[in-house]
Amino acid sequence: MGAVCRDLHKTVLKTRVSAQIVLYHPVDWNNPTHPLAQRQPRRGARAILRATLATPQGPLVVYNAHFEVFCGMLARIAQLSDIFADTRHMIDSAFYHQVILGDLNTMAHGIARFSKNYCCDRMRFLSLGHDEAVMWEQNVLKVQDPRYLPSHDADVDVATATNAGPRVEGSELTPSRPPVNSQLLRWGLDLKYARDAVNPGFSCPFEASKTVTLDNPAYKLWGYSFMKGKLDWALLRRLRWIKKELGTLNYELSDHRWMLVEVQFE
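Residue numbers (the numbering used here): 9 to 274.
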């Protein structure tokens, strides 16, 4: 997957050494008694990478993620909420143009519903009839954080320049209470994650109901696919896409199709 900015051939990567500990991990791969760790021995935990690119149009914050597959939809939304929480900190520091790229493994549908390894939460049947990616689009991305609408970024610049403080609770930009995704609460997600999962202005140019990035040939019968969907995402903030493309359409190079997005700053 990738995002391409026009005239990025002169881009310089600003390296960082700082790291942040994220507490939410659906699977403890360091626990030798965990059934999945016994089947697929691993060390460490999944990580999310963040880099700031110095582009001709200004700084671009890029997140790269590969979400856990051995969990369920709610656990992956909790992982997304960790990224959204970090994006808010970056926005508060005037890094408005951001992109989240990666295999987010939104695959809790189709024949995967019958696997307790791949769909091990209550959403395996509560979402019956809908792909996980579509559920994300309708129930996560559509729930916008009014404090972080892209249209408010200029107001925050003014507030910062006048020492008013960006997004102080109780101000015109920020409600007295942070917004919460009430649907996620009803589904059983913890308050912290339901709050952090409120969308701070991201959207994906690849519509979930019309995009397939994985179509596993092992689960095809008479030409019908029992396990396919949009597992990969390019979530953009303050970026206008001018070209999008899917590659490896026949899966000859990978079990996933790659995504290409060409963007310009808004």
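The beta carbon of each residue, even a glycine, is placed where N, CA and C say it ideally should be. Since the model is a prediction, treat every value here as computed from it, not as a measurement.
Do residue j and residue i have their beta-carbon atoms positioned less than 9 Å apart in this structure?
{"i": "Glu145", "j": "Ala116", "result": "no"}
{"i": "Pro34", "j": "Cys79", "result": "yes"}
{"i": "His160", "j": "Arg246", "result": "no"}
{"i": "Asp198", "j": "Ala86", "result": "yes"}
{"i": "Ser89", "j": "Ala205", "result": "yes"}
{"i": "Asn72", "j": "Val148", "result": "no"}
{"i": "Val151", "j": "Pro213", "result": "no"}
{"i": "Phe273", "j": "Leu57", "result": "no"}
{"i": "Gly209", "j": "Ile99", "result": "yes"}
{"i": "Arg121", "j": "Arg132", "result": "yes"}
{"i": "Thr60", "j": "Phe103", "result": "yes"}
{"i": "Leu192", "j": "Thr219", "result": "no"}
Could you pull the start and end residues of the alpha helix (DSSP H) that residue i belongs to?
{"i": "Thr63", "result": "First-last for Thr63: 57-63, but that is the beta strand (DSSP E), not the alpha helix (DSSP H)."}
{"i": "Lys200", "result": "199-204"}
{"i": "Arg248", "result": "Here Arg248 belongs to no alpha helix (DSSP H); instead the beta strand (DSSP E) covers 247-255."}
{"i": "Leu192", "result": "190-195"}
Below 8 Å CB to CB, which residues in the same chain sit around residue i once its five sequence neighbours on both sides are set aside?
{"i": "Ser135", "result": "Met81, Ala116, His117, Met143"}
How would you write the range of the beta strand (DSSP E) that residue i sits in, first residue to last?
{"i": "Phe92", "result": "Not the beta strand (DSSP E): Phe92 falls in the alpha helix (DSSP H), residues 81-100."}
{"i": "Pro67", "result": "66-74"}
{"i": "Trp266", "result": "266-273"}
From this set, the options, which residue's C-alpha is nearest residue i's C-alpha?
{"i": "Met267", "options": "Ile91, Lys238, Glu274, Phe92", "result": "Lys238"}
{"i": "Val70", "options": "Asp36, Ser233, Trp241", "result": "Trp241"}
{"i": "Ala55", "options": "Arg194, Leu112, Gly137", "result": "Leu112"}
{"i": "Val188", "options": "Gly255, Ala202, Arg194, Ala226", "result": "Ala202"}
{"i": "Leu243", "options": "Gln65, Arg96, Ile108", "result": "Ile108"}
{"i": "Ser101", "options": "Asn207, Tyr156, Gln152", "result": "Tyr156"}
{"i": "Gly137", "options": "Cys212, Ile99, Ile119, Ala83", "result": "Ile119"}
{"i": "Ile250", "options": "Ser190, Ser262, Val271, Leu261", "result": "Val271"}
{"i": "Ser211", "options": "Glu260, Phe133, Tyr126, Asp153", "result": "Asp153"}
{"i": "Leu126", "options": "Leu254, Gly110, Arg96, Arg84", "result": "The question names Leu, but residue 126 is Tyr in the sequence shown. For Tyr126, the nearest C-alpha among the options comes from Arg84."}
{"i": "Arg265", "options": "Val77, Phe103, Gly110, Arg96", "result": "Gly110"}
{"i": "Pro186", "options": "Asp36, Lys200, Val220", "result": "Lys200"}
{"i": "Cys128", "options": "Leu261, His97, Val77", "result": "Val77"}
Output needed for residue i: all residues of its chain with C-beta closer than 7 Å, excluding positions within five of it in sequence on either side, in chain order.
{"i": "Ser123", "result": "none"}
{"i": "Ser179", "result": "Residue placement at Ser179 is flagged as unreliable, the pLDDT there being 44, under the threshold of 50; the coordinate-derived value follows with that caveat. So no residue of the chain qualifies."}
{"i": "Ala93", "result": "Asp204"}
{"i": "Thr256", "result": "Ser262, Arg265, Trp266"}
By Cβ distance, which residues of its chain are closer than 6 Å to residue i, with the 5 residues on each side in sequence left out?
{"i": "Ser233", "result": "Asp223"}
{"i": "Tyr227", "result": "Ile119, Phe234, Met235"}
{"i": "Phe75", "result": "Arg84, Gln87, Leu112, Asn113"}
{"i": "Asn258", "result": "none"}
**Message:** Please give the ranges of any beta strand (DSSP E) in the region 112-166, keeping only runs that are unbroken, at least 3 residues long and fully inside the region.
**Reply:** Note on the region 112-166: there is no whole beta strand (DSSP E) run with a minimum of 3 residues.
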